[in-house]
């Protein structure tokens, strides 16, 4: 045979098999008409045979009999025909499915419980997977995000200022590096509502981020409408332009595409809208979790030359350049860069830690999310164990049915397949319910702006999550379906048929299997409860921390004013605002600061006079708050020494400062800092007061150095937040405060009156988020474990009804029967708790880095867990124990 | 052995049907079955009905076509005919069978010689 013949033979066979497969599939859906066809054909065959036989001289009866014999068994042949023609396995599957639905409908309560449990387990898993997928696994919604790198100072001392670079240094780095396709940055100190949209009935506060001209090109973000910034728009005194975020465009302009090219008004200046950014680009979720950003304006380098470090840098690596190579270059290049080119005397020398942007955004959450993922995996495991137990109980109750079917000729494989079909159906129904749960949970999470987790707004159940759902549903079905299926298939036919089924202790083996399942369930729940307990205690510790200010009953509002750039006028306006607001009934204290703790922050350098070495980088990074008198009181901060800033300090441009204890100890250890002179912000300032440390960045990190400067000619504020302390709930004051501000300045936009507690909540929100989820999972685990215990004990009591009856007839007391059942329950629970406690020690060590002020071996948590589990087990066992003790020996013995 | 009929090997029936159709042209199921019985001299164990599973198989592979028609006795019947790919397949299978039969014949002959020693 030649080669070409061989090939053609193969293609012939392949195409023939393909045609056959397709025909089979087609036939599967045309069963009725094909059956009809087949019957017609076979009938015609028989008639022809009879006819021929008659022609040969047989009687009609004889002819018919012979023809039928020659034809063979009509039923088998029809079946054979159908098997050849269609998809027999699909038919079998159909039968199994129909049968499953029939059995499940008969056993409705079991089906509902099973689907509910599975739905919860799978739903929790898919929801957490979606979060993990969005934050950890999925690439950032930017072009080639793996080549985007965040550049920050190594060992930043405090706050954003020491993570950022000056305009000059950025430009130099752009020019001199060989690793990056492009380096870009954004202004890191934008507070919320920094612009007001005017030329409308009520001015609207909006948040706009200043970004460098090449920002969107570098990230790889293309506008959906219009265009990006042009070179002539990023120079000094250029025609002002802006790009709108998709959400803001939809909300404020109703998605009107004709807005591009039109001017809108910021602070009474017309600004041209040049484009709209895509929906997928959410600045806040990547760079500033929890913040909503409405629009973008160009960062004009020449406007910021003298302003110090304010650019957060991002670079796009050239193709083929590794992170290591870029880091090596940065280590060499950055120390040579001057802070300001015009003022080389200010010094030089940056450092730069390069981190892949994705890692920078979500790296810190890695461990928390993995823990969450594991917790939710444990839940699914408990769900499977629980269902396995339920199915095992059912299989035991149905053992007679299976024995009967097997005696009637059902193959063992067919029985296993039937049981697996049942678990697959349950798992699929559970997965559908779970998907519903996951959809609503993710939709809810995506709209939680108050949770400061990056990328959370883009959490959704996507195709990867769907694939994950299918995978875990199938895995779960196999996991919980296999044990009962194997048991049934191994079952002894004779014994099962003989077994009376009720009244006596069942086979030890069977019971041992169920006990092992319950014990493992309790152990898994124990691990979850310990984990949740430790995290909860950490969270409570965090809430208990002395923040250095009193967040409750205080609120802040961003104040707008027009001082025409005159510091004296500004001082007068501030004084008037504070005076009038203080007179509102219910207001205890009021004051203004440009920055608030746990909000945006900014730092300068400070040194004690005489110890500083100018032109050197020996200053200590310090958080700066430019304030009015009263701010310290309004925030509920504690003055430890000296006095607060006074209105005279503002009006008379006094160089005074209030510092916190940390910096006081650092600069003047063991001495009285009052009256000392420090050098900060390019000026000499006299210390007039010391306040208790305020946790300025987060509730968990220790306070850094802080100073409070009077808002005067020497220290200009960046915006103004009026803080009001009240006796009433802050919301009750919102309208009267706004009314007062409008009286003073009719242009005051409708900014929100935000409780200070909100800042703290925002800062602690990731921890709360994790505690809440792990807590819910632990509760779920506990519930499932107690259900498992209840199921097993209750079942064994039912099975032993007769036995208990006999014992009671022989004189066993009620309490003794009850005690027996409870002892059995506690034995199971204690073994489970013991195993769980050992496992928990290992797990707790693994999550040690997530704990705050709590030891991983925290005895209280462990003790509470043991007691909790024991009590739950006792409750779960008590109900069947009670039932056992109520058994009437006469009835029990008569039954069956 | 004399009285028992030959069991059909897997796939043999398909080949017989193809060959019958190739030789006889269009034919209904009963005709095919009768023809095979006649040719084999009733040596083959064949329930006539088995032919229909084979016909479905061949049809689905595209090797034969089927069409409802009227028999010589004016009876409604399904008529089968071989297709072009069917003929190709027949040629291949026939060649295979002949080679196999030749080899089997030689092998069995050798055994007989061996037995004679």
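Protein chains in written order, with my numbering: chain A, 7 to 902; chain B, 268 to 384.
Glycine included, every Cβ here is placed at the ideal spot set by N, Cα and C.
Among the residues of its own chain, which have a CB less than 8 Å from the CB of residue i, if the five just before and after it don't count?
| i | result |
| --- | --- |
| residue 360/A | 155, 156, 157, 321, 329, 332, 333, 336 |
| residue 121/A | 432, 435, 436, 439 |
| residue 314/A | 167, 172, 345, 610 |
| residue 279/A | 232, 247, 248, 249, 250, 265, 266, 267, 268, 269, 270 |
| residue 510/A | In this predicted model, residue 510/A has a pLDDT of only 46, less than 50, meaning its place in the structure is not dependable; the value taken from the coordinates is given anyway. Cβ neighbours of residue 510/A beyond the five flanking positions: 805, 806, 808, 809. |
| residue 366/B | none |
How would you write the range of the beta strand (DSSP E) that residue i sits in, first residue to last?
| i | result |
| --- | --- |
| residue 686/A | 683 to 686 |
| residue 610/A | 609 to 614 |
| residue 332/B | 331 to 337 |
| residue 716/A | 712 to 716 |
| residue 311/B | Per DSSP, residue 311/B belongs to no beta strand (DSSP E) and is neither H nor E. |
| residue 188/A | 186 to 193 |
| residue 317/A | 317 to 323 |
| residue 214/A | 214 to 217 |
| residue 695/A | 689 to 697 |
| residue 731/A | 727 to 732 |
| residue 301/A | 301 to 304 |
| residue 180/A | Looking at the DSSP string, residue 180/A is not in any beta strand (DSSP E); the run it does join, the alpha helix (DSSP H), is 173 to 182. |
Assuming residue i and residue j form a contact by the criterion Cβ under 8 Å, report the distance between their Cβ atoms to the nearest whole angstrom.
| i | j | result |
| --- | --- | --- |
| residue 742/A | residue 590/A | 5 Å |
| residue 284/B | residue 313/B | The Cβ separation is near 11 Å, so there is no contact. |
| residue 293/B | residue 348/B | 4 Å |
| residue 6/A | residue 651/A | Given a span of 7 to 902 for chain A in the structure shown, any question on residue 6/A remains unanswerable. |
| residue 689/A | residue 560/A | In fact, because the Cβ distance is near 30 Å, the residues do not count as touching under 8 Å. |
| residue 490/A | residue 394/A | 7 Å |
| residue 212/A | residue 304/A | Not confirmed; about 16 Å, so no contact. |
| residue 371/A | residue 141/A | 6 Å |
| residue 47/A | residue 296/B | 6 Å |
| residue 562/A | residue 729/A | 5 Å |
| residue 66/A | residue 75/A | Not really, about 15 Å apart at Cβ, beyond 8 Å. |
| residue 132/A | residue 467/A | 6 Å |
| residue 661/A | residue 691/A | 5 Å |
Can you list, in chain order, the residues of its chain with a C-beta nearer than 7 Å to that of residue i? Leave out the 5 residues immediately preceding and following it.
| i | result |
| --- | --- |
| residue 5/A | Any property of residue 5/A remains undetermined from this structure, which presents chain A solely from 7 to 902. |
| residue 594/A | 731, 732, 733 |
| residue 373/A | 855, 856 |
| residue 706/A | 548, 858 |
| residue 864/A | 540, 543 |
Sorted by chain position, which residues of the same chain lie with C-beta nearer than 6 Å to residue i's C-beta, five sequence neighbours on each side aside?
| i | result |
| --- | --- |
| residue 673/A | 614 |
| residue 334/B | 346 |
| residue 116/A | none |
| residue 895/A | 811, 814, 815 |
| residue 243/A | none |
| residue 790/A | 388, 392 |
| residue 347/A | 174 |
| residue 286/A | 147 |
| residue 482/A | 390, 433 |
| residue 428/A | 106 |
Going by DSSP, what residue range makes up the alpha helix (DSSP H) through residue i?
| i | result |
| --- | --- |
| residue 319/B | 317 to 328 |
| residue 86/A | 80 to 91 |
| residue 772/A | 762 to 805 |
| residue 857/A | Segment: none, residue 857/A is in no alpha helix (DSSP H) and carries neither H nor E. |
| residue 561/A | Where residue 561/A is concerned, there is no enclosing alpha helix (DSSP H), although the beta strand (DSSP E) it sits in stretches over 560 to 564. |
Quick check: the segment 719 to 728 of chain A against the segment 585 to 598 of chain A, are there 3 or more CB pairs under 8 Å?
A contact is defined here as three or more CB-CB pairs under 8 Å, and the segment 719 to 728 of chain A meets this definition with respect to the segment 585 to 598 of chain A.
Would you list, in chain order, the members of the segment 311 to 322 of chain B that have their beta-carbon closer than 7 Å to a beta-carbon of chain A?
Listed in sequence order: 314, 315, 316, 317, 319, 320.
Select from the segment 295 to 311 of chain B all residues with a C-beta closer than 9 Å to any C-beta belonging to chain A, and list them in chain order.
Within the segment 295 to 311 of chain B, those residues whose Cβ lies closer than 9 Å to any Cβ of chain A are, in chain order, 295, 296, 297, 298, 300, 301, 304.
Give me the subset of the segment 345 to 374 of chain B whose CB atoms are less than 9 Å from a CB atom of chain A, sorted by chain position.
So the close ones are 345, 352, 355, 356, 359, 362.
Would you call the segment 530 to 550 of chain A and the segment 842 to 859 of chain A touching, i.e. three or more CB-CB distances under 8 Å?
Contact between the segment 530 to 550 of chain A and the segment 842 to 859 of chain A is present: three or more C-beta pairs spanning the two stretches fall below 8 Å.
What are the residues in the segment 325 to 347 of chain B lying within 8 Å of chain A by C-beta distance?
Contact annotation: in the segment 325 to 347 of chain B, residues whose CB is within less than 8 Å of a CB in chain A are 326, 327, 328, 329, 330, 338, 340, 342, 343, 344, 345.
Output, in sequence order along the chain, the residues in the segment 59 to 71 of chain A whose CB is closer than 9 Å to any CB in chain B.
Answer set for the segment 59 to 71 of chain A: empty.
Could you tell me whether the segment 814 to 829 of chain A touches the segment 843 to 861 of chain A, where touching means 3 or more Cβ pairs closer than 8 Å?
As far as the Cβ criterion goes, the segment 814 to 829 of chain A does not touch the segment 843 to 861 of chain A, which means the pair count is below three.
Where the segment 43 to 55 of chain A meets chain B: residues whose CB sits under 9 Å from a CB there
Listed in sequence order: 43, 44, 46, 47, 48, 50, 51, 52, 53, 54, 55.
Quick check: the segment 395 to 411 of chain A against the segment 378 to 385 of chain A, are at least 3 beta-carbon pairs closer than 8 Å?
With a cut-off of 8 Å, the segment 395 to 411 of chain A and the segment 378 to 385 of chain A do not count as touching, because too few Cβ pairs lie within range.
Inter-stretch contact (C-beta, 8 Å, three-pair minimum) for the segment 795 to 803 of chain A and the segment 830 to 837 of chain A
Segments in contact, yes.
Which residues, taken in chain order from the segment 81 to 114 of chain A, show a beta carbon closer than 7 Å to some beta carbon of chain B?
The residues in question are 83, 86, 87, 90, 91.
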